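K.L.:
Chains as they are written, first to last, in this note's numbering: chain D, 51 to 199; chain E, 5 to 451.
Cβ coordinates follow ideal geometry from the N, Cα and C atoms, glycine included.
These numbers were taken from a predicted model, which means no experiment stands behind them.
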């Protein structure tokens with residue numbers, strides 16, 4: 051097992067048609083099952099959206115949404131602590147850029163971790179990204195920590 | 005046993021011939037038989053069906069003018085509207101006391117039409133279904149699971165009695181409630197599935213969701229009909245269910261299922277020519293086309309008593325192949341219908357059938373056949389939108405990939421159809437399914 055496995059964060063993505071009530075339906079379904087949403091990001095076009103969520107109970111959330119007829123996938127993302135100051139995010143992106151690690155997309159976590167902000171990154175190769183980040187002294191947050199923030 | 009089933013290939017399933025005398029008749033003898041039966045039918049409809057008497061008069065013809073088979077083309081066509089105008093029993097050629105069964109068309113294209121059967125018609129119908137079920141590989145050892153809706157629709161009853169005739173054990177399951185269908189399939193060891201091809205895929209989807217491995221079932225054959233389907237869809241069904249899938253064809257106006265059916269060689273459906281005479285016409289001009297040409301199928305029943313039909317325009321587009329078949333049957337083979345001429349869409353002047361779109365979708369890895377076409381008009385321009393249900397293997401968390409998928413589909417559709425189409429991804433199960441028949445086209449253009 052890759053030593054950085056505990057550093058990975060599981061994210062679920064949900065296909066949502068761009069029509070009223072769908073987002074409400076997802077959040078209600080999760081809420082009723084006692085699933086708490088930790089972070090979210092929505093990418094949308096005029097026809098459809100891709101909702102990405104980090105929740106406290108990933109497999110339960112995925113299961114009940116599928117049961118409700120939603121199309122759901124699970125992906126691995128990386129949570130990174132970002133210094134809450136000017137050039138804080140840049141310092142991290144610069145490290146990634148120098149190591150030629152490509153960022154597919156990213157979004158901010160609602161909660162802070164101590165004095166720092168938390169940003170979720172989706173990389174093509176999360177293992178390589180975790181290696182690069184930790185080697186450069188950047189704090190990567192373990193999955194268990196993120197689900198419980 | 006399951007291993008052998010997974011290796012099923014066309015022609016490898018042993019199949020017998022139910023009625024060698026009727027199905028392997030030499031062409032000269034067949035044509036003589038057809039002419040005699042046609043002449044007798046014309047006499048009867050001229051005497052008993054006012055609609056036909058009027059049609060013949062108008063054409064300046066009498067049944068006696070039909071002296072050879074080629075004279076058939078002189079006769080006027082029958083269209084669905086004739087049945088509607090004579091609703092419900094006006095086209096029947098026998099008094100009601102001789103009619104023992106009434107069915108109705110599924111009404112997919114408007115008001116239903118009523119059809120009737122005498123006792124002898126039911127026997128012929130049952131024999132014809134027994135023929136194609138046997139041709140498809142079914143035997144008295146099979147447990148036949150009928151998932152067509154029982155009712156006015158001819159599908160379920162036709163297959164039901166045919167399956168009993170060959171001695172199979174029949175489960176009259178009817179349509180709907182997929183979970184229960186699957187439970188019965190598991191527990192009763194159903195070996196032959198009878199339904200629409202789209203319902204077969206619904207079952208495959210559900211099996212996958214429930215984590216049931218198809219080889220754990222006893223299924224070995226699938227006899228599908230009731231809607232047009234592509235070769236790609238056949239392969240998909242065969243792979244996913246581990247069965248040999250054959251096509252069969254029929255219209256309630258002609259008799260129901262049992263007009264034609266495929267043998268295990270899967271190279272077209274044998275039309276039972278000792279009971280029906282097929283012609284292919286140009287749907288625009290009504291001209292009979294030479295053998296091998298693609299056009300609209302026209303059928304004349306030559307043994308029906310209650311409701312004989314002369315030159316019925318089926319609206320189904322196909323091609324006839326008179327080359328001998330490896331199975332030994334002499335009856336002509338009709339290719340899979342590419343759709344009904346009613347279903348043919350003309351978009352920006354280009355003719356296309358929903359099955360063409362289905363073929364493109366099947367070629368895309370992970371794409372499911374649940375799609376719907378929305379045709380509309382913006383100003384003077386036709387628009388075509390293809391809605392595709394999204395499921396996990398074609399869903400990405402990255403917008404870039406998702407959009408690339410959509411534009412890849414659009415490019416493939418445009419090059420295959422010759423007309424641009426917008427692809428819209430929709431959530432699973434949003435496309436309505438009716439009695440197992442998927443509604444493929446919604447045309448919002450004003451006629």
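In chain order, what residues of the same chain lie with their CB nearer than 8 Å to the CB of residue 364 of chain E, ignoring the 5 residues before and after it?
P.N.:
413, 416, 417, 420 and 421
K.L.:
Quick check on DSSP: helix, strand or coil for residue 339 of chain E?
P.N.:
coil
K.L.:
Within the 9 Å Cβ cut-off, does residue 348 of chain E reach chain D?
P.N.:
For residue 348 of chain E, the answer is no, since every Cβ of chain D falls outside 9 Å of its Cβ.
K.L.:
Where in the stretch 366-445 of chain E do unbroken runs of the beta strand (DSSP E), each at least 3 residues long, occur, reported from the N-terminal end onward?
P.N.:
375-382, 385-393 and 426-430
K.L.:
Smallest Cα separation from residue 156 of chain E: which of E/338, E/356, E/223 and E/257?
P.N.:
E/257
K.L.:
Exposed or buried, what is residue 127 of chain D when buried is set at 16 or more other beta-carbons lying within 10 Å of its beta-carbon?
P.N.:
buried
K.L.:
Can you tell me the Cα-Cα spacing of residue 276 of chain E and residue 399 of chain E, whole angstroms?
P.N.:
46 Å
K.L.:
Residue 359 of chain E and residue 232 of chain E look like a contact to me (Cβ under 8 Å); what is the Cβ gap, rounded to whole Å?
P.N.:
Indeed they touch by this definition, with Cβ atoms about 5 Å apart.
K.L.:
Mark residue 270 of chain E as exposed unless 16 or more other C-beta atoms lie within 10 angstroms of its C-beta, in which case mark it buried.
P.N.:
buried
K.L.:
Can you find a C-beta in chain D that's less than 9 Å from the C-beta of residue 15 of chain E?
P.N.:
Caution is warranted here: a pLDDT of 47 is assigned to residue 15 of chain E, below 50, making its placement in the model unreliable, and the coordinate value is therefore given only provisionally. Closer than 9 Å: no.
K.L.:
Would you mind giving the Cβ-Cβ distance between residue 300 of chain E and residue 325 of chain E, rounded to the nearest angstrom? I have them listed as a contact below 8 Å.
P.N.:
With a Cβ gap of about 16 Å, residue 300 of chain E and residue 325 of chain E do not count as contacting.
K.L.:
Between residue 172 of chain D and chain E, is the shortest Cβ-Cβ distance under 9 Å, so that the two count as touching?
P.N.:
yes
K.L.:
Exposed or buried, what is residue 350 of chain E when buried is set at 16 or more other beta-carbons lying within 10 Å of its beta-carbon?
P.N.:
Flag for residue 350 of chain E reads exposed.
K.L.:
Under 9 Å between C-beta atoms, does residue 123 of chain D make it to chain E?
P.N.:
yes
K.L.:
So, residue 229 of chain E versus residue 200 of chain E, is the Cβ gap smaller than 9 Å?
P.N.:
Yes, Cβ-Cβ distance for residue 229 of chain E and residue 200 of chain E is below 9 Å.
K.L.:
Can you name the residues of chain E whose CB is closer than 8 Å to the CB of residue 169 of chain D?
P.N.:
Neighbours of residue 169 of chain D on chain E: none; closest Cβ ~16 Å, over 8 Å.
K.L.:
Cβ closer than 9 Å: which chain D residues qualify as neighbours of residue 406 of chain E?
P.N.:
65, 93, 95, 98 and 100
K.L.:
In its own chain, which residues sit with a C-beta less than 6 Å from the C-beta of residue 387 of chain E, not counting the 5 before and 5 after it?
P.N.:
380
K.L.:
Distance, Cα to Cα, residue 145 of chain E vs residue 172 of chain E?
P.N.:
6 Å
K.L.:
Taking the alpha carbon of residue 64 of chain D as the point to measure from, which residue in E/260, E/294, E/148 and E/430 has its own alpha carbon closest?
P.N.:
E/430
K.L.:
Buried or exposed for residue 99 of chain E, going by 16 or more other Cβ atoms inside 10 Å?
P.N.:
exposed
K.L.:
Which residues in chain E have a C-beta closer than 9 Å to the C-beta of residue 155 of chain D? List them in chain order.
P.N.:
401, 402, 403 and 404
K.L.:
Identify every residue that forms a DSSP beta bridge with residue 316 of chain E.
P.N.:
Answer is E/82 and E/303.
K.L.:
Taking Cβ-Cβ distances below 7 Å as the criterion, which residues of the stretch 425-436 of chain E are in contact with chain D?
P.N.:
428, 429, 430, 431, 432 and 433
K.L.:
Once you ignore the five residues that flank residue 236 of chain E on each side, which residues in its own chain have a CB closer than 6 Å to its CB?
P.N.:
363 and 366
K.L.:
Could you check what DSSP says for residue 136 of chain E in three-state terms: helix, strand or coil?
P.N.:
helix
K.L.:
Can you tell me where the alpha helix (DSSP H) holding residue 27 of chain E begins and where it ends?
P.N.:
24-27
K.L.:
Quick one: grab the DSSP three-state call for residue 1 of chain E.
P.N.:
Since the first residue shown for chain E is 5 and the last is 451, residue 1 of chain E is missing from the structure and cannot be characterised.
K.L.:
Kindly list the residues whose CB is nearer than 6 Å to the CB of residue 323 of chain E, restricted to its own chain and excluding five residues on each side of it in sequence; keep chain order.
P.N.:
298 and 339
K.L.:
According to a CB-to-CB cut-off of less than 7 Å, which residues of the stretch 376-396 of chain E neighbour chain D?
P.N.:
394, 395 and 396
K.L.:
Quick check on residue 13 of chain E: buried or exposed, where buried means 16 or more other Cβ atoms within 10 Å of its Cβ?
P.N.:
A caution first: residue 13 of chain E carries a pLDDT of 49, below 50, which makes its placement in the model too unreliable to give a value.
K.L.:
Among E/424, E/43 and E/133, whose alpha-carbon lies nearest the alpha-carbon of residue 352 of chain E?
P.N.:
E/424
K.L.:
Could you give the first and the last residue of the continuous alpha helix (DSSP H) run that contains residue 194 of chain D?
P.N.:
193-198
K.L.:
Where does residue 296 of chain E land, buried or exposed, given buried means 16+ other C-beta within 10 angstroms?
P.N.:
Exposed, since its Cβ has fewer than 16 Cβ neighbours within 10 Å.
K.L.:
Rounded to whole angstroms, what is the Cα-Cα separation between residue 121 of chain E and residue 209 of chain E?
P.N.:
38 Å
K.L.:
Could you give the first and the last residue of the continuous alpha helix (DSSP H) run that contains residue 209 of chain E?
P.N.:
201-214
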